[in-house]
Amino acid sequence: MIDPKLIREDMESIRVLLKNRNMEKVVDLDALQKFDEERRDHIAKIDKLRERRNAISKEIGKLKGAGKDDSQLRQEVQGITDEMKELETGVEKLNESFNDMHLSVPNIMDKSVPIGKDEKDNKVIREWGKKPSFSFIPKPHYVIGTELGILDFERGVKLAGARFYVYRGLAAKLERAIISFMLDLHTREHGYTEVFGPFIVNDDSMTGTGQYPKFKDEFYRIERDGLSLIPTAEVTLTNLYRDEILNKEDLPICVTMQSSCFRREAGAAGKDTRGLIRVHQFQKVELVKFVEPESSFDELEKLTANAEAVLQKLNLHYRVVLLCSGDTSASSAKTYDIEVWMPGLDRYMEISSCSNFLDYQARRAKIRYRKAKGEKPALVHTLNGSGLAAGRTLAAIMENYQTSDGNIEIPDVLKEYIRA
RNA sequence: GGAGAGUUGUCUGAGUGGUCUAUAGAGGCGGUCUUGAAAACCGUUGGGUUAACAGCCCCGGGGGUUCGAAUCCCUCACUCUCCGCCA
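Residue numbers for the first sequence, in my numbering: -5 to 414.
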């Protein structure tokens, strides 16, 4: 959620924002403003009425105690109650309309974000390493994996359906190694604390990070228990401090967690249908930071560098892309995608997405901190990024480390994790 | 899954429908006193809404009864104890 004050005081900048994000049609700003005004007007009236009613009730109590007649006061209070009821039903509807629209207003955007329509307008910020050269035509990971018998898509389908897979032998082992390696790197060298928490969370958590209520179709929900499978450990990690007031001294808080991630991929029919790129269940190491507002853009650079370090140590060529206004997700103020080179697919593939949410998530999830004793709590800034998606990392290693005889070499940094 | 007991402000803990609309103690912060400290004494001590004071809201969440609810009713969640089941 953006600061509701912006809606009242700086409508024009929101109008520009919506235009840049191609979301002009998503939010009706005039209606939003109207709902807000009416709703606040009603609330003020109700408060006045309640003040009067509280006073009368007190009076009645006194009269009763003294054994005196209170019928006149009772009559007056009846009128007040009726009026309040009417206003209250109005406020309920107004609040609902306002909240729905307020939730769909995207986050403000950083000045450094290029204005653009879609991924074509994204800006490549830097590249690292080089595309590897092969003396043969490199195969896509799903061909290598199937031929080696370590990726089994047919049995994945049998067990659960399309977009599921089974790892066998080296693939299973390699992914486990990748995850351990990444967690060790982030905790030993980048200052993150390793966390492990629920993969299944309640609706408050899904709402806190912005998955609900807008994108319900994209996630697996267990109706019977009112719980959902997390699409990313961002949900678990960011909601750790939901409804809490943190100490300034404890910031920044940097946490990392590996989890399975569950996505319905509802709108992805026909896209990336082969291989490990787009699947319903995959593993990922997530990085989340809670920081003071002043430092959040510096922290975004650091977080992105932390994710890049994984690829550097694996010696995988990648580029960092700054997403343009139209391609940045609604809750993010600035996003870098890290795209790894896939020789078999002959294209770059997103393997991490690092975002600064400013106070957008913190406001929803009520994550605050106290700057100094006696001061009112202020919202923290939250950031997150993949560090990295494990299944895609496995795919990238398979394609980049393939040999002419159809095998895969093990990257040096993973060797100590694979003591077969 | 069954039975019972709970959930109150930083903590402990009162409060079973009003007339001081949250006792009291501890802790924290400030002060007096002191060479300094302790003790003692005095004061202060949450979140939200609002331009702001006032007002209004918050006694696990939601709903209800009532002129009036921490207090009564319904419902859900969580915690504890016992039983059952179980990796």
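Heads up, the beta-carbon is just placed ideally off N, CA and C, and yes, glycines get one too.
When the Cα atoms are used, what is the spatial distance from residue i to residue j?
| i | j | result |
| --- | --- | --- |
| residue 254 | residue 28 | 43 angstroms |
| residue 3 | residue 291 | 25 angstroms |
| residue 300 | residue 347 | 12 angstroms |
| residue 142 | residue 256 | 27 angstroms |
| residue 40 | residue 286 | 37 angstroms |
| residue 341 | residue 137 | 16 angstroms |
| residue 146 | residue 276 | 15 angstroms |
| residue 54 | residue 67 | 7 angstroms |
| residue 194 | residue 183 | 29 angstroms |
| residue 461 | residue 35 | What the structure shows of the chain is the stretch from -5 to 414, and residue 461 is not part of that stretch, so it cannot be assessed. |
| residue 179 | residue 185 | 9 angstroms |
| residue 265 | residue 333 | 17 angstroms |
| residue 97 | residue 166 | 40 angstroms |
| residue 417 | residue 263 | Here the chain covers residues -5 to 414 and nothing more, so residue 417 does not appear. |
| residue 162 | residue 23 | 53 angstroms |
| residue 278 | residue 351 | 20 angstroms |
Is DSSP giving residue i helix, strand or coil here?
| i | result |
| --- | --- |
| residue 146 | strand |
| residue 316 | strand |
| residue 187 | strand |
| residue 229 | helix |
| residue 336 | strand |
| residue 372 | strand |
| residue 283 | strand |
| residue 383 | strand |
| residue 206 | coil |
| residue 29 | helix |
| residue 361 | strand |
| residue 235 | helix |
| residue 341 | strand |
| residue 216 | strand |
| residue 18 | coil |
Quick one: residues in its chain with C-beta nearer than 8 angstroms to the C-beta of residue i, no 5 flanking neighbours on either side, listed in chain order?
| i | result |
| --- | --- |
| residue 74 | 43, 46, 47 and 50 |
| residue 108 | 115, 116, 117, 316, 318 and 319 |
| residue 225 | 205, 212, 213, 255, 256 and 257 |
| residue 407 | 175, 307 and 308 |
Applying the 10 Å Cβ sphere with the 16-neighbour rule, what's the burial state of residue i?
| i | result |
| --- | --- |
| residue 65 | exposed |
| residue -4 | buried |
| residue 52 | exposed |
| residue 69 | exposed |
| residue 239 | exposed |
| residue 384 | buried |
| residue 207 | exposed |
| residue 169 | buried |
| residue 298 | buried |
| residue 220 | exposed |
Once the 5 residues before and after residue i are set aside, which same chain residues still bring their CB inside 6 angstroms of it?
| i | result |
| --- | --- |
| residue 134 | 338 and 339 |
| residue 88 | 29, 32 and 33 |
| residue 164 | 144 |
What does a CB cutoff of less than 7 angstroms around residue i pick up in its chain, not counting 5 residues either side in sequence?
| i | result |
| --- | --- |
| residue 293 | 246, 283, 285 and 377 |
| residue 151 | 158 |
| residue 416 | The requested residue 416 does not occur in the structure, where the chain is confined to residues -5 to 414. |
| residue 386 | 270, 271, 343 and 345 |
| residue 111 | 16 and 320 |
| residue 411 | 171, 174 and 175 |
| residue 273 | 157, 158, 159 and 385 |
Contact between the segment 378 to 396 and the segment 281 to 289 (3+ Cβ pairs under 8 angstroms): yes
Cβ contact (3+ pairs, closer than 8 angstroms) linking the segment 293 to 308 and the segment 174 to 183: yes
Cβ contact check for the segment 194 to 206 and the segment 351 to 367: 3 or more pairs under 8 angstroms: Short answer: they touch.
Stretch pair the segment 306 to 326 + the segment 110 to 130: three plus CB contacts closer than 8 angstroms: yes
Stretch-stretch touch, CB-based, cutoff 8 angstroms, three pairs: the segment 93 to 109 with the segment 362 to 372: no
Cβ contact check for the segment 320 to 329 and the segment 384 to 401: 3 or more pairs under 8 angstroms: no
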